[in-house]
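Position 238 (the sequence shown) corresponds to 232 in this note's numbering; numbering is contiguous. What follows is one structure encoded as structure tokens, with my remarks underneath.
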Amino acid sequence: MTGTGQPVVFVGDEPPMGELAIEFEIVTVRERTRAVDRVETAAVSCVVVDGREDDRLETVAAVREAAPSVPILYVTATPDGTAAAAATRAGATEYFAGATDETLVDRVATLSVDNTDAHRAATGSIRAGPGARAPLAERDGSREPVSMGDHRADVVTQLLETTRALFSCELREDVAEVVVDAAERVLGFDVVSVRLYECDADDLVLTAASDAVGDLFSERKRVGVSESEMGDSFRRSEPVIFEDLQNSSQYDYGPLRGAMTIPIVDHGLLNVGSPVSGAFDDHHVQLAQLLTASAAAALERADRREDLLRHERVLETVEGMVYATDGDSRLTLVTDPLAERLGYDRDDLLGEHVSLIFDEQAYDRAVRHVEELLADPQRDSGPLEATYTTADGEQFPVEIECSLLPGVDGSFRGTVSVVRDITQRKEREQYLQVLNRVLRHNLRNDLTVVIGYAELLSERLDDDDLVVAADRLRETATGLARTSEKTRTIQYALDRDGDLEPIDVAGIVDDAVDAFDAADVTLSVSTADSCRAWADPGLRAVVDNLLENAVHHTESEPTVEVSVTRDGEAVHLSVADDGPGIPPAEIDVVTGETDITQLTHSSGLGLWLVRWMIDSYGGDISFAESAIDGSRVEITLEAAPAEPSDAMRSGGQPSS
């Protein structure tokens, strides 16, 4: 039972043990509503809220609203300046960092005994830490303890004000200055410095110092991390108290006898010195850790801001077409080349909504593109094609590489985009499409006429040499017509939309073999059941060309063996022959191991078509020597469900 005769309410999943449970009557609750009900319906000396659990700040606020006069102690496992500030705003009376029963007992006992309106008016804020001693007041240049009751609220106020000041800093140097000033006031020592870590040199650089430091470290502005005891503290991320500098350090610290060094996470160190040995204890360390926790967050914010400013300065000097937007999609940066292409003065574009430069439909696509980037944690950039509108109403196509621009607090700050005018490329593509259609159409029609006349000549000529010439003319024209058809199939492979479906590979092979017309060919087929793979009906063209290729590379009476098998999640289609084999140079070009030049190029389009089609299916193609002393081409595709279904795949990925 407490000194007030009233129980202590503990809000959390794990009830306090040890001396706390022995000294007090503990009522443990887990839900916020239970805690509120308890303080509203019964006398309570103190409420202890376990801040290690989620949503406990809401519990603090609810209890404070229900019982304004009840002291609330907010507890975390380690010192946390952000948590301290948040708990204060929520209505906590004091903040406690650490979990030692003895100190927690003292804190609860103090709050329970002092549970009066007068006490709360004086101390209605967060305490700096467990086991805290009275702050120190200055007298004749030295420090001595004063009443904790008189000064506790002032210490907490200073910590909260420091947190606000830290997060208003834009530069690392400014953060260091604020930390030094706050450490002087909160810790009560004159000799304070902050050293920030410089990664490139692996040095701790003296960045800010109190007036009392003077020239004490003038010869040691930079200290290597591996050169001193404080560097060891930084490497281990652990605070260190030096009881006697004169005997424990290799350096001359002048009048200083005691010191402590507190890591600011991986950003640097807070160092505090004293002319008195043994001047520091765990309380000072905990106060300093509260301060450095906020300082670390502020330094992280300043680092991100400096990076962003540096990037913006780089963008300002870029000669290409680049722009940036803020979170409201307004232009914050536009390079001169882009402004000139759009027909605007650069200053006239700044502040305008980015939709001003987009075609309406293109802007909708751009919005969806950014939304997709925001929804995918693995991507922060990606390309899209769009249409821009100039100041004169002219439209032109562009390719945009759009990247998300994170804010200093990790939130969405806007985008930065690199723009490329693709007008000439689009015109070239259009010209090639027209040229391709016209040439293919005319070539097919003209070759049909040539083939017809060649056959007529072959039938009516009496001269054997002329008959042979007419036959050769017909064969050549027929070959050209087939090449034209292959180019159309290749264009289909390149233009297809990427949707895949389960295809019966064995059925495709059977149909292709039945329709294959070649004299003096020994053709054998071996297929297995359930050989369905992700492809599309264009797979038939792949099989036709593999069969034609096998016969083409064999001089007379070729033997061709075709097999379809399934191995786990893969379907294998192989075509083997007994011919002289595909020339290695041709294989190297098709597989990409050798570049295409005027001297090294594939003699036909068949293997190219096979490769491009299989690539579009997400499959593999390989070449080897066959078991019958010829060539063997094997296609590997991803197996599909054995039973027919309406499943579709897009871009080589299963539908969901």
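All C-beta atoms, glycine included, are put in the ideal place defined by N, C-alpha and C.
Same chain only: Cβ atoms within 6 Å of Ala253, ignoring 5 sequence neighbours per side: Phe236, Leu239 and Gly267
Would you decide whether Leu264 is buried or exposed? Buried here means 16 or more other CB atoms lie within 10 Å of its CB. buried
Assign Arg50 to buried or exposed, taking buried as 16 or more other Cβ atoms, counted over all protein chains shown, within 10 Å of its Cβ. buried
Buried or exposed: which applies to Ser187, given that a residue is buried once 16 or more other Cβ atoms fall within 10 Å of its Cβ? buried
Would you identify the three-state DSSP class for Phe228, choosing helix, strand or coil? helix
Going by CA-CA distance only, name the one from Val443, Arg373, Pro635 and Ala570 that's closest to Leu494. Pro635
May I ask which residues mark the beginning and end of the alpha helix (DSSP H) holding Gln240? Leu239 to Ser242
Nearest CA to the CA of Ala73: which residue from Ala333, Leu250, Arg340 and Ile258? Before going on, a small fix: residue 73 reads as Pro here, not Ala. With distances taken between Cα atoms, Pro73 lies closest to Ile258.
Report the three-state DSSP secondary structure of His278 (helix, strand or coil). helix
Among Ala318, Phe211 and Leu198, which residue has its Cα nearest to the Cα of Asp260? Leu198
Tell me, which residues are paired with Trp528 by DSSP? Pro496
Less than 9 Å separating the beta-carbons of Arg26 and Ala56? yes
Proximity of Val2 and Val21 at Cβ, strictly below 9 Å: yes
What is the rounded straight-line gap between the Cα of Ala292 and the Cα of Ala203? 18 Å
What distance in whole Å lies between the Cβ atoms of Glu619 and Gly562, which are believed to be in contact at a cut-off of 8 Å? Actually they do not touch by this definition, with Cβ atoms about 25 Å apart.
For Asn439, count the other beta carbons within 10 Å of its own beta carbon; 16 or more makes it buried, fewer makes it exposed. Which is it? exposed
Comparing alpha-carbon positions, which option in Ser212, Ser375, Cys40 and Ser568 lies nearest Leu540? Ser568
Those residues which DSSP pairs with Pro377 across a bridge: Glu395
For Tyr317, which three-state DSSP category applies? strand
May I ask which residues mark the beginning and end of the alpha helix (DSSP H) holding Ile351? Neither: Ile351 is in no alpha helix (DSSP H) and is coded neither H nor E.
Leaving aside the five residues before and after Gly248 along the sequence, list all residues of the same chain whose C-beta is less than 7 Å from its C-beta, in chain order. Leu210
Under the rule that 16 or more other beta-carbon atoms within 10 Å means buried, what is Gly182, buried or exposed? buried
Range of the contiguous beta strand (DSSP E) that encloses Gly262: Gly262 to Ser268
Cβ-heavy atom distance between Val392 and the ligand SAM below 8 Å? Among the ligands in the structure shown, none appear at all, so the ligand SAM cannot be discussed.
Return the chain-ordered list of same chain residues with a C-beta closer than 6 Å to the C-beta of Trp663, the five sequence neighbours on each side being excluded. Residue 663 falls outside the range modelled here, since the chain spans only -5 to 650, and no answer is possible.
Where Pro85 and Gly208 are concerned, what is the direct C-alpha to C-alpha distance, given to the nearest angstrom? Looking at the sequence provided, one finds Gly at residue 85 rather than Pro. The alpha-carbon atoms of Gly85 and Gly208 are separated by roughly 41 Å.
Ala55, DSSP secondary structure in three states: helix
CB Val554 to CB Val604, shorter than 9 Å? no
Can you give the Cα-Cα distance for Arg189 and Arg324, rounded to whole angstroms? 39 Å
Taking the beta carbon of Ser411 as the centre, do at least 16 other beta carbons fall within 10 Å, making it buried, or is it exposed? buried
Return the first residue and the last residue of the beta strand (DSSP E) that Arg407 is part of. Phe406 to Asp415
Pick out whichever of Ser550, Val556 and Ala522 has its Cα sitting closest to the Cα of Asp538. Val556
Check each candidate in Gly501, Pro531 and Asp505 and name the one with the smallest Cα separation from Ala522. Gly501
In the structure shown, what three-state DSSP assignment does Asp623 receive? coil
Cβ of Phe90 within 9 Å of any chain C Cβ: Here there is only one protein chain, and chain C is not present.
Tell me the DSSP bridge mates of Leu631? Val565
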